[in-house]
Amino acid sequence: MALFGNAHTVNPQSAQQDYARLLGHGEQVHAAFLLIRDTILFTDRRLILIDKQGITGKKVEYHSVPYRSITHFAVETAGTFDLDAELKIWLSGSQLPIQKTFTKGVDIYEVQAILTQFVAG
6 MALFGNAHTV NPQSAQQDYA RLLGHGEQVH AAFLLIRDTI LFTDRRLILI DKQGITGKKV
66 EYHSVPYRSI THFAVETAGT FDLDAELKIW LSGSQLPIQK TFTKGVDIYE VQAILTQFVA
126 G
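Numbering (our numbering), first residue to last: 6 to 126.
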(Lines of atoms letter the chains of each structure in order from A; the text may use other names.)
(Lines give C-alpha, C1' and ligand atoms only; values in the text may rest on other atoms or scores of the structure.)
Protein backbone atom coordinates (compact mmCIF):
# COMPACT_ATOMS: atom_id res chain seq x y z
CA MET A 6 0.00 0.00 0.00
CA ALA A 7 1.34 3.42 -0.91
CA LEU A 8 1.93 6.15 1.61
CA PHE A 9 -0.15 9.32 1.48
CA GLY A 10 0.76 11.46 -1.51
CA ASN A 11 2.49 8.64 -3.33
CA ALA A 12 1.06 7.00 -6.44
CA HIS A 13 2.59 4.15 -8.31
CA THR A 14 2.16 1.55 -10.98
CA VAL A 15 0.76 -1.80 -9.85
CA ASN A 16 1.83 -5.06 -11.43
CA PRO A 17 -1.04 -6.10 -13.77
CA GLN A 18 -0.83 -9.74 -12.65
CA SER A 19 -1.20 -8.69 -9.00
CA ALA A 20 -4.16 -6.48 -9.87
CA GLN A 21 -5.67 -9.39 -11.85
CA GLN A 22 -5.58 -11.52 -8.70
CA ASP A 23 -6.58 -8.78 -6.24
CA TYR A 24 -9.63 -7.71 -8.26
CA ALA A 25 -10.59 -11.05 -9.84
CA ARG A 26 -14.14 -10.75 -8.48
CA LEU A 27 -14.69 -7.59 -10.56
CA LEU A 28 -13.54 -9.11 -13.84
CA GLY A 29 -15.63 -10.86 -16.44
CA HIS A 30 -14.75 -14.30 -17.80
CA GLY A 31 -11.47 -13.99 -19.69
CA GLU A 32 -11.09 -10.27 -18.96
CA GLN A 33 -7.44 -9.26 -18.56
CA VAL A 34 -5.88 -6.37 -16.63
CA HIS A 35 -3.30 -4.65 -18.87
CA ALA A 36 -2.27 -1.84 -16.49
CA ALA A 37 -3.11 -0.68 -12.98
CA PHE A 38 -2.31 2.41 -10.96
CA LEU A 39 -2.68 3.00 -7.24
CA LEU A 40 -3.54 6.55 -6.29
CA ILE A 41 -3.56 7.68 -2.68
CA ARG A 42 -6.51 5.41 -1.81
CA ASP A 43 -8.08 4.75 -5.18
CA THR A 44 -7.08 2.34 -7.92
CA ILE A 45 -7.50 2.54 -11.70
CA LEU A 46 -7.52 -0.65 -13.78
CA PHE A 47 -7.18 -0.74 -17.56
CA THR A 48 -8.57 -4.05 -18.79
CA ASP A 49 -8.97 -5.29 -22.34
CA ARG A 50 -12.70 -4.42 -22.11
CA ARG A 51 -13.12 -1.38 -19.87
CA LEU A 52 -11.70 1.10 -17.42
CA ILE A 53 -12.44 0.29 -13.77
CA LEU A 54 -12.23 3.09 -11.21
CA ILE A 55 -12.07 1.88 -7.62
CA ASP A 56 -12.95 4.65 -5.20
CA LYS A 57 -12.42 3.99 -1.48
CA GLN A 58 -14.70 6.16 0.61
CA GLY A 59 -15.04 7.21 4.22
CA ILE A 60 -12.46 7.45 6.94
CA THR A 61 -11.72 3.73 7.06
CA GLY A 62 -11.91 3.12 3.32
CA LYS A 63 -14.10 0.05 3.90
CA LYS A 64 -16.86 1.48 1.73
CA VAL A 65 -15.82 1.14 -1.90
CA GLU A 66 -17.46 2.36 -5.09
CA TYR A 67 -16.63 0.63 -8.36
CA HIS A 68 -17.10 2.50 -11.64
CA SER A 69 -17.06 0.42 -14.79
CA VAL A 70 -16.47 2.54 -17.88
CA PRO A 71 -16.64 0.84 -21.29
CA TYR A 72 -13.98 2.40 -23.52
CA ARG A 73 -16.61 3.07 -26.21
CA SER A 74 -18.40 5.52 -23.87
CA ILE A 75 -15.31 7.74 -23.52
CA THR A 76 -15.80 10.70 -25.87
CA HIS A 77 -12.47 12.35 -25.11
CA PHE A 78 -9.86 12.74 -22.41
CA ALA A 79 -7.14 15.15 -21.35
CA VAL A 80 -4.00 14.97 -19.26
CA GLU A 81 -2.49 17.88 -17.45
CA THR A 82 1.17 17.42 -16.64
CA ALA A 83 2.73 18.41 -13.36
CA GLY A 84 4.28 21.86 -13.30
CA THR A 85 7.35 23.13 -11.51
CA PHE A 86 5.50 23.97 -8.30
CA ASP A 87 2.50 21.69 -8.77
CA LEU A 88 3.76 18.11 -8.54
CA ASP A 89 0.42 16.52 -9.35
CA ALA A 90 -0.68 15.51 -12.83
CA GLU A 91 -4.35 15.13 -13.69
CA LEU A 92 -6.41 12.88 -15.94
CA LYS A 93 -9.86 14.01 -17.10
CA ILE A 94 -12.22 11.65 -18.91
CA TRP A 95 -15.49 12.73 -20.53
CA LEU A 96 -18.23 10.16 -21.06
CA SER A 97 -21.05 10.33 -23.58
CA GLY A 98 -24.13 11.90 -22.02
CA SER A 99 -22.17 13.68 -19.28
CA GLN A 100 -20.95 17.26 -19.29
CA LEU A 101 -18.55 16.98 -16.36
CA PRO A 102 -15.43 14.83 -16.62
CA ILE A 103 -14.23 12.15 -14.26
CA GLN A 104 -11.05 13.55 -12.72
CA LYS A 105 -8.20 11.61 -11.17
CA THR A 106 -5.01 13.08 -9.73
CA PHE A 107 -1.64 11.37 -10.08
CA THR A 108 1.40 12.33 -8.04
CA LYS A 109 4.96 12.27 -9.33
CA GLY A 110 5.19 8.50 -8.81
CA VAL A 111 3.20 7.85 -12.02
CA ASP A 112 4.21 8.76 -15.56
CA ILE A 113 1.08 10.55 -16.84
CA TYR A 114 2.33 10.06 -20.41
CA GLU A 115 2.20 6.29 -19.86
CA VAL A 116 -1.38 6.61 -18.58
CA GLN A 117 -2.30 8.65 -21.67
CA ALA A 118 -0.67 6.11 -24.00
CA ILE A 119 -2.56 3.21 -22.41
CA LEU A 120 -5.87 5.07 -22.58
CA THR A 121 -5.21 6.03 -26.21
CA GLN A 122 -4.53 2.39 -27.06
CA PHE A 123 -7.92 1.29 -25.75
CA VAL A 124 -10.09 4.28 -26.70
CA ALA A 125 -8.73 4.78 -30.22
CA GLY A 126 -8.14 1.09 -30.90
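Note that beta-carbon positions come from the ideal geometry of N, C-alpha and C, so glycine has one too.
Owing to the predicted nature of the structure, the values given are computational and were not obtained by experimental measurement.
Three or more beta-carbon pairs drawn from the region 36 to 53 and the region 94 to 108 are found closer than 8 Å, and the two stretches are therefore classed as touching.
For L92, the pairing in a beta bridge is given by DSSP as V80 and K105. Under DSSP, A37 forms a beta bridge with V15 and L46. By the criterion of a C-beta distance shorter than 6 Å, P102 is surrounded in its chain by K93, I94 and W95, once the five residues flanking it on both sides are discounted. DSSP, read as helix, strand or coil, puts V70 in strand.
Non-local C-beta neighbours of V70 in its own chain, meaning closer than 8 Å and more than five positions away in sequence, comprise R51, L52, I53, L54, I94, L96 and I103, ordered along the chain. By the beta-carbon neighbour count (other beta carbons within 10 angstroms, threshold 16), A20 is buried. Per DSSP, the beta-bridge partners of R51 are P71. Counting along the chain, Q122 sits inside the alpha helix (DSSP H) bounded by residues I113 to A125. In this structure, E32 keeps its C-beta atom at 8 Å or more from the C-beta atom of T14.
Beta-bridge annotation (DSSP): Q58 is paired with K64.
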